Structures are given as structure tokens and as C-alpha cells.
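Line by line, the protein sequences are chains A and B.
So our numbering is basically just the index in the first sequence, starting at one, shifted up by 113.
So our numbering is basically just the index in the second sequence, starting at one, shifted up by 923.
Quick reminder that beta carbons are idealized off the backbone N, C-alpha and C, glycines included.
The structure presented is a predicted model; accordingly, all values stated were derived computationally and were not measured.
The block underneath contains the structure these notes are about, expressed in C-alpha cells.
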Amino acid sequence: MKVLIVDDSSFMRSIIKGYLKEFPNLKIAEAADGEEAVKVFAEFQPDITFLDIIMPKQNGIEALKAILHLKRNAKVVMVTSVGQSSVIEEALKMGAGKYIMKPFKYDDIVGVINEFSQK
Amino acid sequence: MNQEFLSVFIEESREELDKIEQLIISLESTPNNPSSIAELMRLFHTLKGNARMMEITDFSDASHIMEDCLKAINDGTLNLSPAVTDFILKGKDTMKNALSKLSEMKATGIDTAALTKGFEELKTTPGIPAGEVKVELETPQINAQNVRVPTESLDKVLRCVGQLNTKLSTFKSLQESFDEKLFNRNVRETEQLLKELQEEVLDERMFPLETIFSRYPRMVREIALEQGKKINLVIKSTDVKLDKSVLDIINDPMVHILRNAVDHGIEIPDERKKKGKGVEGTVEISTEKLRDSVIVNIRDDGKGIDTEAILKKAIEMGYVAPGNVLSNEKILQLVGKSGLSTKSTASKLSGRGVGMDIVFNNLKRIGGNMSIKSEKDKGTLISLRLPLTLAIVNSIMVSVNEQAYAVPLLRVLKIMELSKGSIRHEEGKCRVQFEGKVIAYFSLGELLGITHEPSKILIYEYGNELVALGVDEILSREFVLVNRPDPRLASIPGIGGTTIMEDGSIRVFLDIESLLKERD
């Protein structure tokens, strides 16, 4: 399974990667902003994408739009902070699979992988 | 939260706080910049989120307060006054100090109640003048312990190591059945691989000079506010990178010189007005890249160095005999002498000028140099020449009267035979012909005080000129690790360092520039 992690914070990306060590056969790619996320998505073709919302160059909502344009049923998990409920609503309407809230826990990340790999 | 992530959190947070400082200071001079405000909000938002992941509540609360402050600026409910800038900078400093404490596994010491109160006060009384908010400035530091290395670089290193292992296997097989051709080829290829490996590793030791420059706007701003001066600090952008050990050493001298420029150099607005200058003084930092060194220029348009006062002090201290007439240039060369301060009261910022001799010695220690130009009421230019690296230098080994010396190869353009009639004597100087031009000739022995019979010439680049240096023999060409000389030897012209050869013998690495300068 291939996972794309998109967040402008390398610290946050390293946390998610750390949690994903639970799944040794995962292939992981990263992107630090929305623009890069779309490029990497096109090349890497991940099964699941963790997508942060507030990022430089292109934010998560714009990146989500572009990603869904590339692949209509792409599995995208929005990673959001408190106070972004309207943004989350918009993302889910657009086609994001689900969202998790920061600060997330180990079970949140592992849960996503388990859930999507069963579908 | 897993302690494993703490160092990553601290490292990234430090970088973000540095970006915040640069942005807020530049925003002060161009306040209506929505993208800078948005970027500042994003940075504090990220810091907040990351701190929450690490369960460092007071750090995330502090970030939240700062984020709110930026939001208020963004929506126009708070004006970006000097007091507001000071508040944000103070918040940033508090958070940076907290990171240092976290790295020592101590409590952050953040007083979020005080920050909240400060923010409330800003909102209700926006007229708090700047300068009342005192900030403890940290001396900009390079993180000398760790380096971030891109994975591509590590891959390259691993590839080289892999190939070197293959070469080793070949050498081992040659032990059993020797083949000269294969042996020689293997030696050449091994040399090449080692060179690539070395270049790759050395490259990762190089840091942009802007790493230390980035702290200066804040420092200059604080001093200017404190002294009631108006100062425009211009830092010309540069892509120059220096070995991190060089950066470590020049950081303090740079800060000292910059503080001198602001404290002693730039006049207060009234004084500048009387002299017909603009009320705002300018301090400019720029760089020039040469082949194997870099020049950093610090120029100000202030009152210049008081050369009369320096000469008087120098005579008092016995550096110069009374009645001696010295040119401005010669007087300025005295600035590096210990104890020569003419400011009667030391300001807490730059001390008594005792710093300049330490600046000078620090530079000599790393094979660098300093020159000063100054004109009364026009300003001062201090130029620091810095080597690009302290480490490995491509050198040519030459002999002078059976003694071997290392000469930096980068400045050597050509090596030629020296025939008897090729040296001309004109007006007491020796000259030779080179590519249609007549250039100065010195025997290296003459510069070192040794008698010898040169038979080869090195055509050497000395500043903008070419100079011919006579040597006995060319021995070899090698990369050598140059050890900087003991400070007590560093002031002797010609000693650029020492290098230890394969047989354990020690060879002097020559500083040709200082030898030629002595002749001048």
C-alpha cells in the first residue's frame, strides 16, 4: 500500500511516518505544500493521502480539488486543527473520505490505514 | 508524547521562530504586506499545532496568543506599531528560550498570563512607546554540533564507499597475482573516488553566510531604538557558503564590528543633519567571492574613525614613536592593537575597543585578514577576508634550498622553467616576461630569508596582479589537511598553517600573500 503525507511541518510528517512504522510494507511519499502534493500524487499514485489544510503556496482545500480531479475516488484524509469545521464540511462535500483532528493519536493514524485497507 | 520526536520538534520550531523574526522586522518597514502577515499567522499556527502534538501546553498557548495578535493586525483591529513589533519579538524570544530549556529537559518557563496581559494592553492602549519593552538579545549562534544532510548526499557517500570496497577487493587480488596496468588503474580510480567522497562531505560542512546575517536586522534595530538613531541596515543577498567552523569563528567578530558601526559610527539624527547628511544612517553588509576566499564588507556612512585620536593613543601606549608622521592607512592598521580605544566611556555594547585586537587575531587564526578604510564624516569600510574552508587545500609542494613547503595551488596559474637570462633588473626590482607582459619576480627563498638557486617559476595570482615566484623544484601536487598555526606563530608573515605528511614529517603551508605584503 502507498501513502502520501502532506504537511508543511516536517515534524508533523515525521510523527505520521513514525506511527506508520506499524505497517512495515507501506511505501511512503511526502510533500510540504499543496502544489507539491498534487505533483507527487500524480507520480506516486498513493492509495491513501493525509492532507493538511493550512499550507503555503496551495492550501489543503485547493490541493484536494486538484487531487480529486486527477482521481475521482482518491482516498484523502484531511488533517485539521480546532476551529476549521466549516473548512472540513467543505472538504467532505467535495469528496474527502474523512478527517482527523490535531493533535491526533497513534490510534487515529493506524485506524485510518486499517479502515481503508479493509474497503 | 514520545521523547524521540522532541529534538525534531525543537529543531523545526527554532527555524520557524527565526523566520518569524525576519518577517516581522521586514514587515515593520513595509507594513501593508498581506502575504507576510499570512505567512506569520501560518508559522505561529504550525508552532501551536506541533506543540499540542508534543503536549507542551504553555508553548502552544504562547503560539496561540501570537497567532491572535497577527490575526488582529490582519483584520485591522491592531496597528503594527513599534510596540506591537516589540511584543511579537518578545513573544518569539520567550518561545526560543523555552526551546533551549526543553532541550535541557527543563520546564519552558513561559509565563502565558504575562503574554496574555501584554496582548490585552496592546489592544486597549496602542500608544505604548517602543523601547519600554526590553528584550534580552541572544548572540546569534550556529548549531555547531549537528548538520542536516540531504539523503541524496548520503546516498552519494554510500555509493563512493561501495565502489571503494570494490577497489579494495581488486587490490587484495593483486596481492596474489600482480598486474601493473590493473594496479595503476586501480590507484587512479581510487584517488578519484576519494576526491569525490571528500568533496561531497566537505560540501555538507558548508553553510550559507546568510545563516549568521539573518540575526543582524533585529540587533541593529534594538540598538538604534535604544540610542535614538535612525539606521537602515542593508544586507546584500549572497549565495556564499562557508565551512561551518569558519562561520563559528567569525560570528562574534562580525557582531562586534556591526555593533561598532552602530554605536561609534552612525551619528544621532541631529548631528547628521548638521553635517548635511540624511537623518537615517546606512550600514551595508556585502560579500565578494574570490577563488578560495570570500571578502565580507561592512560599510557605514557615519563619522569615520578618529585617526588623530588613535595616533595619539598609540603614541601614549608606545606603539608609535612620538613625532612620527603616519598616513591614514598606517594609522588604521593600528586599530587591531590591544588597548587602543579612544572612546572614553565604554558603551555596554562594544566595550573599549579591546575587541578589535581579538577580532584581528581570530581572523589570523583561521588564515583570514582584515583591512580598514575610513574617512572623517564620510564613513568606514571594514573588509574581512575569510578562507572558504579550514580543512583540505589543494597544494603544490615545492623545495627551497632542500626544504619542502606547501603552496596553495588555486592561485598558481602556471609553472615554468627559469632560465638564467629571463630575469631582468629594472629600477632595483626583478622582473620576468610572461605572456607578453612584464611581471614582478621574487625568489621564494628571498621572501623567506633563504639563499638559493631557483630553477622553476610559479606564476601566482596576487590580488589583481600576477607575480613570478622562483623555487628550486616542484615535488608533488596533493590535497593536504591544513592545521591552523598556534596563535603565537600566526602573526609571522608566511605561516599559513602546517600540514602533516604521510611519513609523519611536518611541512609549513605558506601564506604567500602575507610574504608579498611584507615586501610591499
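First and last residue of the alpha helix (DSSP H) that includes residue i?
i, result
"I222/A", "Y219 to Q231"
"V1403/B", "Counting along the chain, V1403/B falls outside any alpha helix (DSSP H), though it belongs to the beta strand (DSSP E) covering E1396 to L1404."
"E1112/B", "E1103 to E1127"
"M168/A", "First-last for M168/A: undefined, no H or E at that position."
"F932/B", "L929 to S952"
"S958/B", "P957 to M976"
"F154/A", "G147 to F157"
"K1337/B", "Run containing K1337/B: none in the alpha helix (DSSP H); it sits in the beta strand (DSSP E), V1335 to E1340."
"V1178/B", "K1167 to N1183"
Nearest chain A C-beta to residue i closer than 7 Å, yes or no?
i, result
"H987/B", "no"
"R1442/B", "no"
"N973/B", "yes"
"T883/B", "The displayed coordinates of chain B run from 924 to 1443. Any statement about residue 883/B would go beyond what the structure contains."
"E1103/B", "no"
"M976/B", "yes"
Give the straight-line distance between the Cα atoms of residue i and residue j, rounded to the nearest whole angstrom.
i, j, result
"T1039/B", "A187/A", "43 Å"
"Y132/A", "S958/B", "34 Å"
"T1230/B", "L1255/B", "7 Å"
"D1193/B", "V1202/B", "7 Å"
"A204/A", "V192/A", "11 Å"
"A179/A", "Y219/A", "28 Å"
"L993/B", "G196/A", "16 Å"
"L157/A", "V225/A", "Sequence inspection shows Phe at residue 157/A; the Leu mentioned does not correspond to that position. About 19 Å."
"L1307/B", "S1023/B", "32 Å"
"V1469/B", "V1355/B", "Since the displayed chain B opens at 924 and closes at 1443, residue 1469/B lies outside it and no answer follows."
"E1075/B", "K1197/B", "59 Å"
"I947/B", "I1154/B", "17 Å"
"T1047/B", "K1152/B", "28 Å"
"R1141/B", "V1431/B", "43 Å"
"A1329/B", "L1370/B", "15 Å"
"F928/B", "V223/A", "18 Å"
"R965/B", "E1298/B", "47 Å"
"K115/A", "I129/A", "14 Å"
"L1433/B", "E1211/B", "23 Å"
"I1373/B", "G1359/B", "30 Å"
"A176/A", "F1042/B", "35 Å"
"Q926/B", "I161/A", "28 Å"
"N956/B", "A995/B", "14 Å"
State the start and end residues of the unbroken beta strand (DSSP E) segment that holds residue i.
i, result
"Y1328/B", "Q1326 to P1331"
"T1031/B", "Segment: none, T1031/B is in no beta strand (DSSP E) and carries neither H nor E."
"F1136/B", "No beta strand (DSSP E) contains F1136/B, which is instead part of the alpha helix (DSSP H) from E1133 to F1136."
"G1419/B", "I1418 to I1423"
"A1363/B", "K1360 to S1366"
"G1204/B", "E1203 to K1212"
"R1432/B", "In the sequence under discussion, the amino acid at residue 1432/B is Phe, which differs from the Arg named in the question. Note, F1432/B: beta strand (DSSP E), I1429 to L1433."
"Q1356/B", "K1352 to F1357"
Is there a Cβ from chain B that is less than 7 Å from the Cβ of residue i?
i, result
"P216/A", "yes"
"I157/A", "The sequence shown places Phe at residue 157/A, not Ile. No, F157/A lies away from the interface with chain B (no Cβ there is under 7 Å from its Cβ)."
"F163/A", "no"
"I222/A", "no"
"S194/A", "yes"
"L117/A", "no"
"I213/A", "no"
In chain A, which residues lie with their C-beta within 7 Å of the C-beta of residue i?
i, result
"R965/B", "I167 and P169"
"G935/B", "At residue 935/B the sequence reads Glu, which differs from the Gly that was named. Near E935/B (Cβ distances below 7 Å), the residues of chain A are S122, S123 and F124."
Along chain A, which residues have their Cβ under 8 Å away from the Cβ of residue i?
i, result
"F932/B", "F124"
Just the chain B side, please: which residues come within less than 8 Å of residue i by C-beta, in chain order?
i, result
"S127/A", "F928 and V931"
Residue i versus chain A: which residues are under 9 Å apart at the beta carbon?
i, result
"E944/B", "By Cβ distance, chain A contributes nothing, its closest Cβ being about 18 Å from E944/B, past 9 Å."
I want to check one thing, is the minimum distance from the CB of residue i to the heavy atoms of the ligand FAD below 6 Å?
i, result
"I1158/B", "Absence of the ligand FAD is noted for the structure shown, with no ligands found whatsoever."
Using 8 Å as the cut-off, can you tell me whether the segment 975-990 of chain B makes contact with the segment 1110-1120 of chain B, which would need three or more C-beta pairs spanning the two stretches below that distance? no
Whether or not the segment 1381-1397 of chain B and the segment 1279-1287 of chain B are in contact is what I'm after, with contact meaning three or more pairs of Cβ atoms, one per stretch, closer than 8 Å; do they touch? no
When you compare the segment 1008-1022 of chain B with the segment 941-949 of chain B, are there three or more beta-carbon pairs, one atom per stretch, that lie closer than 8 Å? Here the segment 1008-1022 of chain B lies against the segment 941-949 of chain B, with 3 or more beta-carbon pairs under 8 Å apart.
Using 8 Å as the cut-off, can you tell me whether the segment 1123-1143 of chain B makes contact with the segment 1154-1171 of chain B, which would need three or more C-beta pairs spanning the two stretches below that distance? yes
Are the segment 1328-1347 of chain B and the segment 1243-1254 of chain B in contact at 8 Å, needing three or more beta carbon pairs? no
Can we say the segment 1395-1403 of chain B touches the segment 1340-1350 of chain B, given the rule of at least three CB pairs closer than 8 Å? no
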